[in-house]
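Residue numbers (my numbering): 3 to 313. Contents: one structure, followed by commentary.
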Ligand code: UDP
Ligand code: MG
């Protein structure tokens with residue numbers, strides 16, 4: 003019998019956990035009776051009763067496993083922890099969100115594509131009307147920028163962590179020790195035979211989205227900078243461009259010198275200083291981000307700390 007693992011990061015999801023467990027059980031019982039499965043919930047330092055709910059469920063259902071973090075380490079870390087702990091005997095793993103925005107009714111389709119021979123089946127999200135214009139706009143813009151800055155083409159709407167990974171892909175992910183892992187990019191980079199399927203995202207059933215604007219911005223920045231060094235090249239090109247541009251100024255300086263015309267222009271000097279001051283700080287910042295990454299990587303600080311688990 004083939005085994006499927008399901009990895010579900012959960013942060014303050016006490017209400018959603020029993021619901022998603024039941025939905026997944028329904029899907030497997032009715033449509034996928036030929037598979038066994040395990041559910042790995044990663045409690046990412048929740049402040050509500052998520053942990054109690056998980057312990058209760060685990061005592062009731064043997065397929066329910068949980069990993070409890072010592073604090074909130076973020077969605078990507080939770081996902082990585084879950085994938086790291088997938089059973090060695092599992093044939094495929096599916097990651098999905100706890101809030102039912104990744105509807106379990108698409109699991110059979112993911113498995114079907116995997117059975118056809120695809121190693122990584124990702125999902126392309128078709129937006130429904132309920133999603134805010136701002137979120138749609140920012141995520142589209144983000145993937146455009148990401149495609150530009152990295153050499154990988156992301157499809158519009160792709161990228162949610164609702165994916166199926168073959169055991170071979172999982173073993174590659176387990177080997178990864180990046181301190182600043184950006185899984186969505188990593189799974190693109192990894193290669194293998196990949197296939198995308200469309201899905202209509204559900205509406206978050208209970209609770210609120212845990213991704214604040216700050217977290218979204220941090221994820222976006224982590225995505226670009228852990229995936230590509232092009233921003234560093236950008237700094238170099240900008241520097242080159244402006245030093246070439248400044249040469250255009252030399253003939254005028256000579257002209258002013260020869261004709262002894264008074265060089266006025268306090269305003270232009272100040273604005274130039276301010277502009278280049280800002281640009282230099284910005285570029286220093288970019289270099290700083292990469293330096294920070296090297297710093298945390300060199301320290302080999304773990305991505306997450308596990309407080310308890312039941313397996
Ligand atoms: N999540 C997490 N840690 C966090 C934030 C979120 O484990 O710090 C989980 C959350 O429980 C959910 C998934 O990650 O299962 C996606 O989070 P959310 O629904 O808040 O994000 P959105 O759907 O708005 O992108
Ligand atoms: Mg969500």
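C-beta atoms are modelled at their ideal positions from N, C-alpha and C, and glycine is treated no differently.
Residues sharing a beta bridge with residue 42, DSSP: Walking along the chain shown from the start, residue 42 turns up at place 40. Answer by DSSP bridge pairing, in chain order: 9 and 67.
According to DSSP, is residue 166 helix, strand or coil? Position 164 of the chain shown holds residue 166. Here residue 166 sits in strand by DSSP.
Residue 10 burial status per 10 Å Cβ neighbour count (16 or more: buried): Looking up residue 10 in the chain shown gives position 8. Counting Cβ neighbours within 10 Å, residue 10 comes out buried, since at least 16 surround it.
Since I believe residue 184 is in contact with residue 228 (beta carbons under 8 Å), could you give me their beta-carbon distance rounded to a whole number of angstroms? Here residue 228 refers to the residue found at position 226 of the chain shown. Here residue 184 refers to the residue found at position 182 of the chain shown. Taking a contact as a CB-CB distance under 8 Å, the pair residue 228 and residue 184 counts as one, their CB atoms being some 4 Å apart.
Looking at C-alpha atoms only, which residue of 120, 248 and 18 is the closest neighbour of residue 271? Reading the chain shown from its first residue, position 269 is the one you call residue 271. The shortest Cα separation from residue 271 among 120, 248 and 18 belongs to 248.
Looking at the ligand UDP, does it come within less than 7 Å of residue 269, judged from the CB to the closest heavy atom? Against the chain shown, residue 269 aligns to sequence position 267. Checking the Cβ of residue 269 against the ligand UDP gives no.
If you check the beta carbons only, do residue 148 and residue 96 fall under 8 Å apart? Looking up residue 148 in the chain shown gives position 146. Looking up residue 96 in the chain shown gives position 94. No, these two residues do not count as a Cβ contact at 8 Å.
According to DSSP, simplified to helix, strand and coil, what is residue 254? Residue numbering aside, residue 254 sits at position 252 when the chain shown is read from its first letter. The answer is helix: DSSP assigns residue 254 an H, G or I state.
Between which two residues does the beta strand (DSSP E) carrying residue 201 extend? Taking the chain shown and counting its residues from 1, the one referred to as residue 201 is at position 199. That run of the beta strand (DSSP E) goes 196-202.
Residue nearest to residue 109 in terms of C-alpha spacing, selected from 35, 57 and 263: For the purposes of this step, residue 109 is identified with residue 107 of the chain shown, where counting begins at 1. In terms of CA proximity to residue 109, 35 leads the group 35, 57 and 263.
Assuming residue 21 is part of the alpha helix (DSSP H), what are its boundary residues? Here residue 21 is taken as the residue at index 19 of the chain shown, counted from 1. From DSSP, the alpha helix (DSSP H) with residue 21 extends over 18-33.
What are the boundary residues of the beta strand (DSSP E) that includes residue 185? Within the chain shown, numbered from 1, the residue matching residue 185 stands at position 183. Premise fails: residue 185 lies in the alpha helix (DSSP H), 185-191, not in any beta strand (DSSP E).
Which ranges would you report for the alpha helix (DSSP H) in the segment 57-136 if only whole runs of at least 4 residues count? You should have 77-86 and 109-117.
I need the boundaries of the alpha helix (DSSP H) containing residue 232, first residue and last residue. Position 230 of the chain shown, counting from 1, holds the residue named residue 232. Segment 232-249, the alpha helix (DSSP H) holding residue 232.
Going by alpha carbons, who is nearest to residue 17 out of 37, 176, 4 and 53? The residue labelled residue 17 in the question sits at position 15 within the chain shown. The alpha carbon of residue 17 has as its nearest neighbour, out of 37, 176, 4 and 53, the alpha carbon of 53.
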